[in-house]
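Q: Below is the structure I would like to discuss, written out as structure tokens.
Chains as they are written, first to last, in the numbering used here: chain A, 1 to 191; chain B, 1001 to 1191.
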């Protein structure tokens, strides 16, 4: 469940393998913290950007509170939600932290990250702790943020020997937003 | 099959809906053309960047021939391969056009795009014709290319009323690279 405490299953992922956590294109949750405020939003528009040091790219709209917190702190976390967290993902994606406290519209808990101030979203299947690479012109022009992954984690029930094993954990499959709150789930593996 | 002629099923997609074609994070094929040469590579690292005008972002390594062709022409096509094109995707992803003619290691055909010189890869399920947004510093520093979608197409067997219907077309499901030639396929829909 989205509020499940997954600490006991959370294991570190080597930085050089951390790109694999989002290589298959899941929708993610972007969280950030600044001056006592946390927020989280949904972002289908994310991707790996480099292997080592590992980097990611993510689009964060100017209208969002998360954007303000990311720009103020220079840090963010990408949490990878599961098929059990569709309602949570839609809820934090369809409301702005400027208007409401998102904990009033979605069931979730924040947990502490290891290397950044931004919080992890509990119950997800992977987490990428990131420090923003300062590229203010790119961010201003395209709402695009580039960041270095400084720590990475996965739930060991679905991540074995540095690869996803969703076939054994259907409840932990990642979700891939099409549009309008409709998602494709991670399906069978082909080689 | 990867060499299937899909012209009769190819329908235009409204630009304002074209982001949906890759919103769920599929691995794509990037093709380009310049001065009589075509090439194509695989790219898991791609995402939508904006709605209207629609834009995409894609990582294209400096070592690739496709990079040279994209930089020389300012144009590229993203073709979205299906579960029937895993071998093709791996083959064009694991060889460089600098070393070989990729048609010698993979079964595929190029078709003509409508608005750019870069070719479409036949047998795919969607195609985004793109003009590169000149951002040479970003490309040089991060191997990152931003481009505007100027025409978009989908195979009407899997794209109905501006949404994917893979549940009716399992052979046309998109593929999502994890690592090492292992892909997750697009699975069931959740709302």
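We put the CB at the ideal spot given by N, CA and C, even for glycine.
Got a sec? Which residues, its chain only, sit under 8 Å from residue 1112 of chain B by beta carbon, not counting five neighbours each side?
A: Around residue 1112 of chain B: 1119 and 1120.
Q: Helix, strand or coil for residue 122 of chain A? Go by DSSP, reduced to three states.
A: coil
Q: Using a Cβ-Cβ cutoff of 9 Å, what residues of the region 1040-1061 of chain B are near chain A? List them in chain order.
A: 1044, 1045, 1046, 1047, 1048, 1049, 1050, 1055, 1057, 1058 and 1059
Q: Under 8 Å by Cβ, that's how I've got residue 1072 of chain B and residue 1125 of chain B pegged, so tell me the actual separation to the nearest angstrom.
A: The Cβ separation is near 28 Å, so there is no contact.
Q: Are residue 1174 of chain B and residue 189 of chain A touching if we call contact CB-CB under 9 Å?
A: no
Q: Nearest chain B C-beta to residue 173 of chain A closer than 9 Å, yes or no?
A: yes
Q: Going by beta-carbon coordinates alone, are residue 75 of chain A and residue 132 of chain A separated by less than 9 Å?
A: yes
Q: Of all the alpha helix (DSSP H) runs that stay within the bounds of the region 1069-1154 of chain B, which reach a length of 4 or more residues?
A: Restricted to the region 1069-1154 of chain B, the alpha helix (DSSP H) segments that are unbroken, complete and at least 4 residues in length are 1086-1094 and 1136-1142, listed in chain order.
Q: Below 7 Å CB to CB, which residues in the same chain sit around residue 117 of chain A once its five sequence neighbours on both sides are set aside?
A: 33, 73 and 75
Q: What do you reckon, are the CB atoms on residue 44 of chain A and residue 1024 of chain B nearer than 9 Å?
A: Contact flag set, yes.
Q: Leaving aside the five residues before and after residue 171 of chain A along the sequence, list all residues of the same chain whose C-beta is less than 6 Å from its C-beta, in chain order.
A: 84
Q: Comparing C-alpha positions only, which one of B:1030, B:1129 and B:1051 sits nearest to residue 1090 of chain B?
A: The option with the nearest alpha carbon to residue 1090 of chain B is B:1030.
Q: Report all residues from its chain with a CB closer than 7 Å to the CB of residue 1105 of chain B; omit the five preceding and five following residues, and keep chain order.
A: 1091 and 1095
Q: Just to confirm before moving on: does the CB-CB distance between residue 142 of chain A and residue 1088 of chain B stay below 9 Å?
A: no
Q: Assuming residue 192 of chain A and residue 127 of chain A are in contact, meaning their beta carbons sit under 8 Å apart, how far apart are those beta carbons, in whole angstroms?
A: It is not possible to answer for residue 192 of chain A, since the shown part of chain A is limited to 1 through 191.
Q: How many angstroms separate the CA atom of residue 1010 of chain B from the CA atom of residue 1162 of chain B?
A: 13 Å
Q: For residue 138 of chain A, which residues in chain B fall below 7 Å Cβ to Cβ?
A: Within chain B, the residues placing a beta-carbon under 7 Å from that of residue 138 of chain A are 1138, ordered along the chain.
Q: Identify the continuous beta strand (DSSP E) that holds residue 1049 of chain B and give its terminal residues.
A: Following the DSSP letters along the chain, one finds residue 1049 of chain B inside the beta strand (DSSP E) bounded by residues 1046-1050.
Q: Please report the residue range of the beta strand (DSSP E) in which residue 56 of chain A lies.
A: 55-59
Q: Report the residue from A:53, A:21 and A:16 whose alpha carbon sits nearest the alpha carbon of residue 155 of chain A.
A: Taking each of A:53, A:21 and A:16 in turn and checking the Cα distance to residue 155 of chain A, the smallest one comes out for A:21.
Q: In angstroms with no decimal places, state the Cα-to-Cα distance between residue 27 of chain A and residue 1169 of chain B.
A: Near 23 Å, if we compare the C-alpha coordinates of residue 1169 of chain B and residue 27 of chain A.
Q: At the level of alpha carbons, what is the spacing between residue 1016 of chain B and residue 1054 of chain B?
A: Distance between the alpha carbons of residue 1016 of chain B and residue 1054 of chain B: 7 Å.
Q: What residues from chain A crowd round residue 1037 of chain B, counting only those whose CB sits closer than 9 Å?
A: Within chain A, no residue comes near residue 1037 of chain B; the closest Cβ sits about 27 Å away, beyond 9 Å.
Q: CB residue 1057 of chain B to CB residue 41 of chain A, shorter than 9 Å?
A: no
Q: Whose C-alpha, out of A:64, A:52, A:60 and A:93, is nearest the C-alpha of residue 180 of chain A?
A: It is A:93 whose Cα lies nearest to the Cα of residue 180 of chain A.
Q: In chain A, what lies closer than 7 Å to residue 1185 of chain B by C-beta?
A: Simply 187, 188 and 190.
Q: Just verifying my parser: in three-state terms, what is the DSSP assignment at residue 20 of chain A?
A: helix
Q: Taking the alpha carbon of residue 7 of chain A as the point to measure from, which residue in A:140, A:114, A:149 and A:146 has its own alpha carbon closest?
A: The shortest C-alpha separation from residue 7 of chain A is found at A:114.
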